[in-house]
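**Student:**
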Amino acid sequence: MERLTSCWNCGKNTEQIHFCGSCSSLQPPATNYYDFFGFEHRLNLDPAALEDRFYRLSRRLHPDVYFRRSAREQQFSLDATAILNDGYRTLKNPISRAEYLLKEKGITASENGRQPPPELLEEVFELNEMLEELRQGDDSLRPQLEEAEQRFLKLRDEIDCRLQVEFELYDASGDRSRLLEVRSLLSRRRYIRNLIEEVERELVGA
Amino acid sequence: MSGLYQIDFGKPERVVGIDLGTTNSLAAFMDLTHPQVIPDAGGERLVPSLVSMAESGEMVVGNAARPLLIEHPERSVYSVKRLMGRGAADVGEEAALFPFRIAPESESVIRIELGERRFTPPEISALVLRQLKSNAEAYFNQPVNKAVITVPAYFNDAQRQATKDAGRIAGLDVLRLVNEPTAAALAYGLDKREEGTVAVYDLGGGTFDISILKLKDGIFEVLATNGDTHLGGDDIDNLLIRIALEDIQSEWGEDVAGSGEAVQRLRQAVIGAKERLSFAPFADIVFEYRGRQYRRRLERELFERLIAGIVDRTLGPCRACLKDAGLTPERIDEVVLVGGSTRIPLVRRAVETLFRARPHTELNPDEVVALGAAIQAGILSGEVEGKLLLDVTPLSLGIETMGGAVEKIILRNSTIPASATQTFTTAVDGQTNVLIHVLQGERELARDCRSLARFDLKGIEPLPAGMPRIEVRFLIDANGILNVTARDARTGKEQTVEVKPTYGLTDAQVEAMIDESIDHAEEDFQARQLMEARVQADHILAAVEKARQHDAYYGLSELEKQQIQDAVNQLMLAYHSDDYLLIRAQIDHLNGVTMKLAETMMNEAVRGALKGTRI
Ligand SMILES: [Zn+2]
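Protein sequence lines correspond, in order, to chains E and V.
Counting along the first sequence from 1, when you hit position 14 you're at 14 in my numbering, and nothing is skipped either side.
Counting along the second sequence from 1, when you hit position 492 you're at 1492 in my numbering, and nothing is skipped either side.
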């Protein structure tokens, strides 16, 4: 993203992120996580490179380093570090990273996360019945539930594989239709994750 | 008061690290390359976190308060850390075990009654901090106004805020609150290994913390933390006291639980036995009261069975912490033990079994946290380079939504500073206020979480319902304390936010306490200066008296002798005034008029010495 502002300290125009190119004073932080870390806006990110960048930026931006500086730079440092930490959390996890990029590209999450994917409809009905009976104290269904959980975990892994493929296709082409595919995979994944959590809660709680 | 605090000795400003503990507190500083504990004038390193009000109304702190705890338990406060940031409802039945009374109006802040006066926990803690501050000032012979203070990692916002308030009331600029386990990791210097995963198990007097850190090239990144701010050595003491009280009742046919003095004597007896049991296979609880003696031998085996439940309560948080860090016990490279209660062999065994690693115990578990705080102070002042702590918030932050549910906006174990932005609007036409209820905790419903504060967004432009867009930014700073700012998203204008803390003091209350304590601080400072000036006067008067026996004195002119006598008289007069500046001035004067005498004596001494060397 283009960024051209004048430095609060020396007034010169600066294209650099974080620090002024002329006087090297700390600048108001960029708010986009990709820009902040200096990464291309891609769905795939190398975790080691991300961590490395996170540590290096922490050393340069953290409030500890700005203790004896101006109040203004201290405030920038606090704001910047909050964005750094929030961004690291978001970009580290592939799912939240994809959600972030979709949002940035103006593709809002679909409401489908609450609707069961059509091909799972029957299975979800069956599961709900089993959960209901388990809640009423019928422990004999436990093995079946555990089996169901395994199936869902497998489904989730399959979605993760498909997501990985879509990530690569999008990164190579920048094709927006890939993002729509990512969105629908994410909403299915969310639904399945909720099912797994529910089953786990019941299995532990029962 | 200005001037007094600005005495410049040409020394760099000192930032001290303070461990404000449940049982003991201490301060440390960076001595070039290593942190060092700051002892008091008597060489004691720990200051008991104990405050008593003497009959004169004077507040007595630390070791000096020990006898008062026995004589006047109802006017003594210990373990006040357990009351920080809490309301009366949180303390519940525990209040019965404290010797002091809690005033009825204590819903949002506990008020401790001592004699005619009432104190909040931050004010009591401030007295302990003030003692540490004055010990440090005496040690460095210069004012100390800045500190890094440690808190349990699992402290919530209100408990952190209360600690910061205590620092402010004590006249300290609290540069940073650091989590105790993180400070301990820093003190151990485990970053010497380039990369690794460390678990810090911290069982203190009243709080328990577990933190898991990733270390890499001087960066201490906390991956997860967990704990219980109401679990520690105090619980073991209370358990033993309850058992002993029952025992005494059946043996003596008398219940002594109602006597504050008896309970405090018994407390000391069980603490003594507990401490000895860490090294010996058995120990005797010996309790004497009104001419009768109770003695009970406690075998370590029985002791361990009694406290097993308490030790077990630490393991749940440890497992949860591992899970949050996404690690199995095998992945932990090193384990560090912190807090006096980790001297108990059963605790060590439990930790060793869980983490499958032999824990580090090289550093004194009572001192390691303060040493780490001193290193963090050094990081902030620029003395220590290359190390950086990245800590996390222990509890999720949420806002109450319709129907009493909680929407989490910053999840627990998020690296701090952390932030979240939410947009709020109005529900009815022309509405100008929006109230946001902020909570901390992991549960789904607001009533099961800890209410933190209500934020009142004021002065919203009256518009049809749903039209205003108020962007609220929640920021947890590096101290783990929440800051809230708001702006009108349409106009970009800053919005006023009024904070109503659920637990704790308002800013205005803290300001009033600071004002009050500055008056006292002034008195304290004057008293200390006066005492020091008198000591100095004693020295010089004694020296002059001795010099008058010297041959050199008889060599002085009558005028010179008279001048010395006058100066001595004037110093004696000043001596009994309250004016230390006057005493100092008279000391200087006396020094001036005795200069020649001193030189003559010195020369003769040198000549004498030279004579002695001649063969
Ligand atoms: Zn500049």
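Every residue gets a Cβ at the ideal spot worked out from N, C-alpha and C, and that includes glycine.
(1) Nearest by alpha-carbon distance to glutamate 1516(V): which of Ser1341(V), Gly1017(V), Ala1126(V) and Pro1181(V) is it?
(2) Taking a cut-off of 6 Å, which residues have a beta-carbon closer than that to any heavy atom of ligand 1, in chain order?
(3) Take every Cβ of the segment 1448–1466 of chain V, pair it with every Cβ of the segment 1356–1373 of chain V, and state whether three or more of those distances are shorter than 8 Å.
(4) Taking a Cβ distance cut-off of 9 Å, strictly less, list which residues of the segment 1216–1242 of chain V are near chain E, in chain order.
(5) Would a check of beta-carbon distances place arginine 1014(V) closer than 7 Å to chain E?
(6) State yes or no: is the beta carbon of phenylalanine 19(E) nearer than 7 Å to at least one beta carbon in chain V?
(7) List in chain order: all unbroken alpha helix (DSSP H) runs of 4+ residues lying wholly within the segment 1031–1113 of chain V.
(8) Please report how far the alpha carbon of lysine 1408(V) lies from the alpha carbon of glycine 1398(V), in whole angstroms.
(9) Can you give me the Cβ contacts of lysine 1501(V) inside the same chain, cut-off strictly under 8 Å, excluding the 5 residues immediately before and after it?
(10) Beta carbon of valine 1128(V), beta carbon of valine 1061(V): below 7 Å?
(11) Please name the residue, chosen from Val1484(V), Leu1505(V), Glu1442(V) and Gly1441(V), that lies closest to glutamine 1495(V) on a Cα-to-Cα basis.
(12) Do glutamine 1536(V) and isoleucine 1587(V) come within 7 Å of each other at the CB atom, strictly closer than that value?
(13) Less than 8 Å between C-beta atoms, sequence neighbours within five positions excluded: which residues of the same chain meet that for proline 1417(V)?
(14) Below 8 Å on C-beta distance, what does leucine 78(E) contact in chain V?
(15) Determine the direct distance from the alpha carbon of glutamine 1268(V) to that of isoleucine 1243(V), and round the result to whole angstroms.
(16) For proline 118(E), which three-state DSSP category applies?
(17) For the segment 1382–1405 of chain V, which residues have a beta carbon sitting closer than 7 Å to at least one beta carbon of chain E?
(18) Using a Cβ-Cβ cut-off of 7 Å, state whether isoleucine 1379(V) counts as contacting chain E.
(19) Mind checking who histidine 1437(V) pairs with in its DSSP beta bridge?
(20) Return no unless some Cβ of chain V is closer than 7 Å to the Cβ of arginine 69(E).
(21) Report the rounded CA-to-CA distance for alanine 1377(V) versus glycine 1386(V), giving the unit in angstroms.
(22) Residues bridged to glutamate 132(E) by DSSP?
(23) Under the rule that 16 or more other beta-carbon atoms within 10 Å means buried, what is glutamate 1367(V), buried or exposed?
(24) Less than 8 Å between the CB atoms is what I'm expecting for asparagine 1024(V) and proline 1048(V), so what's the real figure, rounded?
(25) For the beta strand (DSSP E) that glutamate 73(E) lies in, which residues bound it at each end?
(26) Can you look up glycine 1003(V) in the DSSP assignment and give me helix, strand or coil?
(27) Taking the beta strand (DSSP E) that lysine 1214(V) falls in, what are its first and last residues?
(28) Do you know how far the Cα of glycine 106(E) is from the Cα of leucine 180(E)?
(29) Quick one, which residues of the segment 47–68 of chain E are near chain V if we go by CB-CB under 7 Å, in chain order?
(30) Taking the continuous alpha helix (DSSP H) assigned at glycine 1378(V), which residues delimit it?
(31) Compare the Cα-Cα distances from valine 199(E) to each of Leu101(E), Leu134(E), Ala71(E) and Ile17(E) and report the closest residue.
(32) Express the C-alpha separation of lysine 1214(V) and glutamate 1221(V) in angstroms, rounding to a whole number.
(33) Going by beta carbon distance, what residues of the same chain come within less than 6 Å of glutamate 126(E), once the five residues before and after it are set aside?
(34) Alpha carbon to alpha carbon, what distance is there between phenylalanine 1208(V) and glycine 1232(V)?
(35) Residues bridged to asparagine 1226(V) by DSSP?
**Tutor:** Checking against the coordinates, here is how it stands:
(1) Looking at the Cα atoms, Ala1126(V) is the closest of the given residues.
(2) Cys7(E), Asn9(E), Cys10(E), Lys12(E), Cys20(E), Ser22(E), Cys23(E) and Ser25(E)
(3) no
(4) Lys1216, Asp1217, Gly1218, Ile1219 and Glu1221
(5) no
(6) For phenylalanine 19(E), the answer is no, since every Cβ of chain V falls outside 7 Å of its Cβ.
(7) 1066–1071 and 1088–1091
(8) 4 Å
(9) The amino acid at residue 1501(V) is misidentified as lysine; the sequence shows proline. In the same chain as proline 1501(V), and ignoring 5 residues on each side of it, the C-beta atoms closer than 8 Å to its own belong to Ser1108, Ala1158, Gln1161, Leu1452 and Ala1453, in chain order.
(10) Yes, they are a contact pair.
(11) For the options Val1484(V), Leu1505(V), Glu1442(V) and Gly1441(V), the alpha carbon positioned closest to that of glutamine 1495(V) is the one of Val1484(V).
(12) yes
(13) Contacts found: Leu1475, Ile1476, Asp1477 and Ala1478.
(14) Pro1417, Leu1475, Asp1477 and Ala1478
(15) Isoleucine 1243(V) and glutamine 1268(V): Cα-Cα distance of roughly 14 Å.
(16) helix
(17) Gly1382, Leu1388 and Leu1390
(18) yes
(19) Bridge pairing for histidine 1437(V): Arg1454(V) [DSSP].
(20) no
(21) 14 Å
(22) DSSP output for glutamate 132(E) lists no bridge partner at all.
(23) buried
(24) About 6 Å; that satisfies the 8 Å criterion.
(25) In the DSSP assignment, glutamate 73(E) falls outside any beta strand (DSSP E) and within the unbroken alpha helix (DSSP H) covering 71–92.
(26) The predicted model places glycine 1003(V) with a pLDDT of 30, which falls under 50 and marks its position as unreliable; any figure quoted below should be read in that light. If DSSP states are grouped into helix, strand and coil, glycine 1003(V) belongs with coil.
(27) 1208–1216
(28) Taking the straight line joining both Cα atoms gives about 11 Å.
(29) So the close ones are Tyr55, Ser58, Arg59, His62, Pro63, Asp64, Phe67 and Arg68.
(30) 1368–1381
(31) Leu134(E)
(32) 5 Å
(33) For glutamate 126(E), same chain residues with a beta-carbon under 6 Å away, outside a window of 5 residues either side, do not exist.
(34) Near 6 Å, if we compare the C-alpha coordinates of phenylalanine 1208(V) and glycine 1232(V).
(35) Ile1210(V)
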